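Written below as structure tokens is the structure these notes are about.
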Amino acid sequence: MNARAAVVFLIFATVFAASSQAAESADIQRGREVYQYWCTACHGFGPMKPGTVALQTKYNGTRPAMLEDRTDLTPGLTKYFVRNGVTVMPPFRKTEIGDADLKALAAYLARPRKLRK
Amino acid sequence: MENHKNTIHTAAADSRLPPGARSAPVAGEVKLPPGVSAKEFAAALALFRQAVGAEWVFTRAEDLALYRDAYSPMWDEADERLASAAVAPDGVEQVQAVVKTANTYKIPIYPISTGRNLGYGGSAPVLSGSVVLDLRRMNRILEVNERNASVLVEPGVSYFDLYRHIRQKKLKVWIDVPDPGWGSLIGNALERGAGYTVSPFRDHWAAHCGMEVVLANGDVVRTGMGALPGAKSWQQFQYGYGPQVDGLFSQGNAGIVTKMGFWLLAEPEAFRACRVRVPKYEHLAPLIDTLSYLMNSGVMNSMTRLESPLLYGIVIGGPVDAGVQALLARGATTQELEQYGSEHSLAYWSAPLRFYGPAKVVEAQWEYAREKLSAAIPGATFDEEPVVRFPLSDAQAEETLDPASFGVPSLVAFGMGARSPTNPTPFSGHVWFSPVIPMSAEAVMECQRVFITAFKEWGVQPLGVPLPQSYHPRTFVQIYGFPVVRDIETNKKNRDIFRRMIKLAAEHGWGEYRTAPAFMDDCMAAYSFNDHALLRLHETIKDALDPNGILSAGRYGIWPKHLRKERT
Numbered sequence: 004m005n006a007r008a009a010v011v012f013l014i015f016a017t018v019f020a021a022s023s024q025a026a027e028s029a030d031i032q033r034g035r036e037v038y039q040y041w042c043t044a045c046h047g048f049g050p051m052k053p054g055t056v057a058l059q060t061k062y063n064g065t066r067p068a069m070l071e072d073r074t075d076l077t078p079g080l081t082k083y084f085v086r087n088g089v090t091v092m093p094p095f096r097k098t099e100i101g102d103a104d105l106k107a108l109a110a111y112l113a114r115p116r117k118l119r120k
Numbered sequence: 016m017e018n019h020k021n022t023i024h025t026a027a028a029d030s031r032l033p034p035g036a037r038s039a040p041v042a043g044e045v046k047l048p049p050g051v052s053a054k055e056f057a058a059a060l061a062l063f064r065q066a067v068g069a070e071w072v073f074t075r076a077e078d079l080a081l082y083r084d085a086y087s088p089m090w091d092e093a094d095e096r097l098a099s100a101a102v103a104p105d106g107v108e109q110v111q112a113v114v115k116t117a118n119t120y121k122i123p124i125y126p127i128s129t130g131r132n133l134g135y136g137g138s139a140p141v142l143s144g145s146v147v148l149d150l151r152r153m154n155r156i157l158e159v160n161e162r163n164a165s166v167l168v169e170p171g172v173s174y175f176d177l178y179r180h181i182r183q184k185k186l187k188v189w190i191d192v193p194d195p196g197w198g199s200l201i202g203n204a205l206e207r208g209a210g211y212t213v214s215p216f217r218d219h220w221a222a223h224c225g226m227e228v229v230l231a232n233g234d235v236v237r238t239g240m241g242a243l244p245g246a247k248s249w250q251q252f253q254y255g256y257g258p259q260v261d262g263l264f265s266q267g268n269a270g271i272v273t274k275m276g277f278w279l280l281a282e283p284e285a286f287r288a289c290r291v292r293v294p295k296y297e298h299l300a301p302l303i304d305t306l307s308y309l310m311n312s313g314v315m316n317s318m319t320r321l322e323s324p325l326l327y328g329i330v331i332g333g334p335v336d337a338g339v340q341a342l343l344a345r346g347a348t349t350q351e352l353e354q355y356g357s358e359h360s361l362a363y364w365s366a367p368l369r370f371y372g373p374a375k376v377v378e379a380q381w382e383y384a385r386e387k388l389s390a391a392i393p394g395a396t397f398d399e400e401p402v403v404r405f406p407l408s409d410a411q412a413e414e415t416l417d418p419a420s421f422g423v424p425s426l427v428a429f430g431m432g433a434r435s436p437t438n439p440t441p442f443s444g445h446v447w448f449s450p451v452i453p454m455s456a457e458a459v460m461e462c463q464r465v466f467i468t469a470f471k472e473w474g475v476q477p478l479g480v481p482l483p484q485s486y487h488p489r490t491f492v493q494i495y496g497f498p499v500v501r502d503i504e505t506n507k508k509n510r511d512i513f514r515r516m517i518k519l520a521a522e523h524g525w526g527e528y529r530t531a532p533a534f535m536d537d538c539m540a541a542y543s544f545n546d547h548a549l550l551r552l553h554e555t556i557k558d559a560l561d562p563n564g565i566l567s568a569g570r571y572g573i574w575p576k577h578l579r580k581e582r583t
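Order-wise, the sequence lines are chains A and B.
Under this note's numbering, residues 4 to 120 are what the first sequence spells out, in order.
Under this note's numbering, residues 16 to 583 are what the second sequence spells out, in order.
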């Protein structure tokens, strides 16, 4: 690779990486909205949230009770529970959480540590 | 809720699955609607796709699995109610197009709003093989009229949706919310669901004002003032002109409701939560009679419920006093229980009183209520929380431990059966048995006696502690919960008990106000005056309006002619 080609490659790679990062951020941002809309009523903070109480009981402090604080939720795991439900949590239909929104939600819950507040 | 060891027929989790997980969607052949050939069904599906767009017609097994009633007490059984397809329109014209196709090919369709009537139903049809008409995409809040405190919505609008809209716009109106915040305003009202604030708003059907309905022949009807073109008061005047037909569409199957208006509660200035406690068993009669008077005379505009701190703890399902347990175990007399309660500050009965209105009026109402209760019941004592003034801040609304009293939707009630410190083995759902009984001490005691005797004989104990609630102003609803688990035999036993309870209740003049699809025929059968004259009337209307029997076959026990079974 000559010097000119290397510069072109670097510019291309930088632009590609930036757009990829932007796409990821948009996905995560949408995922946060989906989470706020669909999940917080059960998985938000506090004693009035049955999902949080259930996970606090299940893990007894060994894992965070709040889903947003978990760092082990792979996209596959999130998608499984949304489409299958668990105990008293029903599955969610595609008219509720469409596949694109589910992908965004899964990305949000699996977001890198550096993107967590 | 009490530890689930005290509940009926619970079962261990399915060992094939991750702990607590539901069974995976069942792959297999698409189910056909009854009496419809594969060729006809394919033709109908093609027209459905044309009407709503291919992406909004669901036929794959993994998509149809999402339409199973997650709380079905017939889960995984041969007669579990399953959809053959789902179609999700996004407007009244698309609904009409679907209805037209359904008539052409005699396809049974089953509209759902948000499909979250869990405990009384879900997103599955009553008749297996029906095509679910999923109205969730029709989720527009068409108008909120703050000056007249009313709203017009589509069926996909949930209580959460409208609540967020109202808070975002800082409107001075409240919605009355039922337990499922994810429920549809329209769906819940059509089920005749109820909430917890002020009458008549907490009777969601009573608070409706005007409907738009697609009939089985595809015609669009507007009820009330909506029948007048250019009407200026569709959401303000319930009756319009001529016979009021709205009732045909509640707990029925005469049409598909595509718009509906509701009256809202203008935000009150203040609220106060209070409680009365009375020491003796015999105080039940004057307690209920006085509470009835306070409600029926307009002094107390909210609901109440009966509690027994002595027998059950002040919080339903809370810890029971060990001394009381010992007394009950040895068959102590009422006088001994009263004596123990007196020594340990445990009232035999209590009831909440809640007041909404101007702060001065709320104070005066509470003062008057105390006077009436004190005069009627020697030894009555009172608790009162500080006055709450509105509007609540976002933080107050988020953090309140009593969201329903403030018109704040939540999913708190779904803690019932969920994993918790007192329920380490969660259920998969629940169904509610909800007979209506008179608002009198005699009725409460008879109901307790009849059901407790039956439970002992049957060796069962339903979920929670069943004490009556006054969702409606002149009656109590005596709610018993039954767990749904992923064990067929357990669910069969519970269904059998549920059906026995329906019959037992009917023998005593108590009927359900609402029920899940599994029990709709049983509950309707109990309303049998004059050889089921009311059901025969429903069927006459059904046959006239829906001769092909395409709409919600079997809903609330009303079947189209070709599926009607001989009544025994």
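Using N, Cα and C, we set each Cβ at its ideal position, and we do this for glycine too.
No experiment lies behind these values; they were computed from the predicted model shown.
query, result
"Beta-bridge pairing of B/ASN154 - partner residues as DSSP gives them", "Paired residues: none, contrary to the question."
"Helix, strand or coil at A/ILE100 [DSSP, three-state]", "coil"
"Rounded C-alpha distance that separates B/LEU416 from B/MET431", "16 Å"
"Short CB-CB distance (under 7 Å) between A/THR60 and chain C", "Protein chains in the displayed structure are A and B, and chain C is not among them."
"Endpoints, beta strand (DSSP E) assigned at B/GLY202", "Run containing B/GLY202: none in the beta strand (DSSP E); it sits in the alpha helix (DSSP H), 200–205."
"Buried or exposed by the 16-neighbour rule on C-beta atoms within 10 Å, applied to B/ILE467", "exposed"
"CB contact flag (B/LEU97, B/LYS46, <7 Å)", "yes"
"Check: B/GLU504 C-beta below 6 Å from any heavy atom of the ligand SAM", "Among the components of this structure there are no ligands whatsoever, and the ligand SAM is therefore not found."
"Alpha carbon of B/ALA39 to alpha carbon of A/ASN87, nearest angstrom", "Confidence at B/ALA39 is low in this model, with a pLDDT of 41, below 50, so its placement is unreliable and no value can be given for it."
"B/THR74 to B/LEU302 span [Cα, whole Å]", "56 Å"
"Candidates B/PRO123, B/VAL192, B/GLN251, of which the one nearest B/VAL166 by Cα", "B/GLN251"
"Partners in chain B for A/ARG35, counting only beta-carbon separations shorter than 8 Å", "Per Cβ cutoff of 8 Å: no residues; A/ARG35 is ~16 Å from chain B at best."
"Interface positions of the stretch 84–100 of chain A facing chain B (Cβ-Cβ less than 9 Å), listed along the chain", "PHE84, ARG86, ASN87, GLY88, VAL89, THR90, VAL91, MET92, PRO93, PRO94, PHE95, ARG96, LYS97, THR98, GLU99"
"Alpha carbon of B/ILE190 to alpha carbon of B/ALA58, nearest angstrom", "43 Å"
"Neighbour list for B/ALA103 in chain A, Cβ cutoff strictly below 9 Å", "ARG96, LYS97, THR98"
"Per-residue contacts from A/ALA109 into chain B (C-beta, under 8 Å)", "By Cβ distance, chain B contributes nothing, its closest Cβ being about 17 Å from A/ALA109, past 8 Å."
"Exposure label - B/HIS487; buried when at least 16 CB within 10 Å", "buried"
"B/LEU47, enclosing beta strand (DSSP E) - first and last residue", "Taken as a continuous stretch (DSSP letters only), B/LEU47 belongs to no beta strand (DSSP E), as it is neither H nor E."
"DSSP bridge partner residues for B/PHE370 (one or two, in chain order)", "B/ARG287"
"Contact set between B/PHE73 and chain A, taken where Cβ atoms lie within less than 8 Å", "LYS97"
"Reference B/MET89, options B/ASP502, B/ARG529, B/ALA568, B/ALA559, closest by Cα", "B/ASP502"
"Residue-level contact to chain A via CB, B/VAL41, 7 Å cutoff", "Only weak support exists for where B/VAL41 lies, its pLDDT of 48 falling under 50; the value from the coordinates is given anyway. False, the Cβ-Cβ gap to chain A never drops below 7 Å."
"Contact check, B/LYS295 vs B/GLU358, beta carbons under 7 Å", "no"
"C-beta neighbour in chain B for A/ALA103, strict 7 Å", "no"
"Straight-line Cα distance separating B/LEU549 from B/ALA222", "24 Å"
"B/GLY267 beta carbon less than 7 Å from that of B/ALA531", "no"
"From B/PRO483, B/PRO450, B/VAL72, B/PRO140, residue whose alpha carbon lies closest to that of B/ILE127", "B/PRO140"
"Limits of the alpha helix (DSSP H) - the one that B/HIS180 falls within", "174–184"
"Sequence ranges, alpha helix (DSSP H) only - wholly within the stretch 55–101 of chain A, length at least 4", "78–87"
"Assumed close pair B/PHE175, B/PRO424 - CB separation to whole angstroms, cut-off 8 Å", "5 Å"
"Whole-angstrom distance between B/PHE497 and B/TRP447, CA atom to CA atom", "6 Å"
"Pair within 7 Å by beta-carbon distance, B/ALA285 and B/ALA374", "yes"
"Environment of A/PRO93 [buried if 16+ CB atoms lie within 10 Å]", "buried"
"Through-space distance from B/ILE124 to A/LYS97, alpha-carbon basis", "19 Å"
"Nonlocal neighbours in the same chain, by C-beta distance under 8 Å from B/THR116, ignoring five residues either side", "ALA59, LEU62, PHE63, ALA66, ILE122"
"Partner residues on chain A for B/GLY196, Cβ-Cβ distance less than 7 Å", "ALA44"
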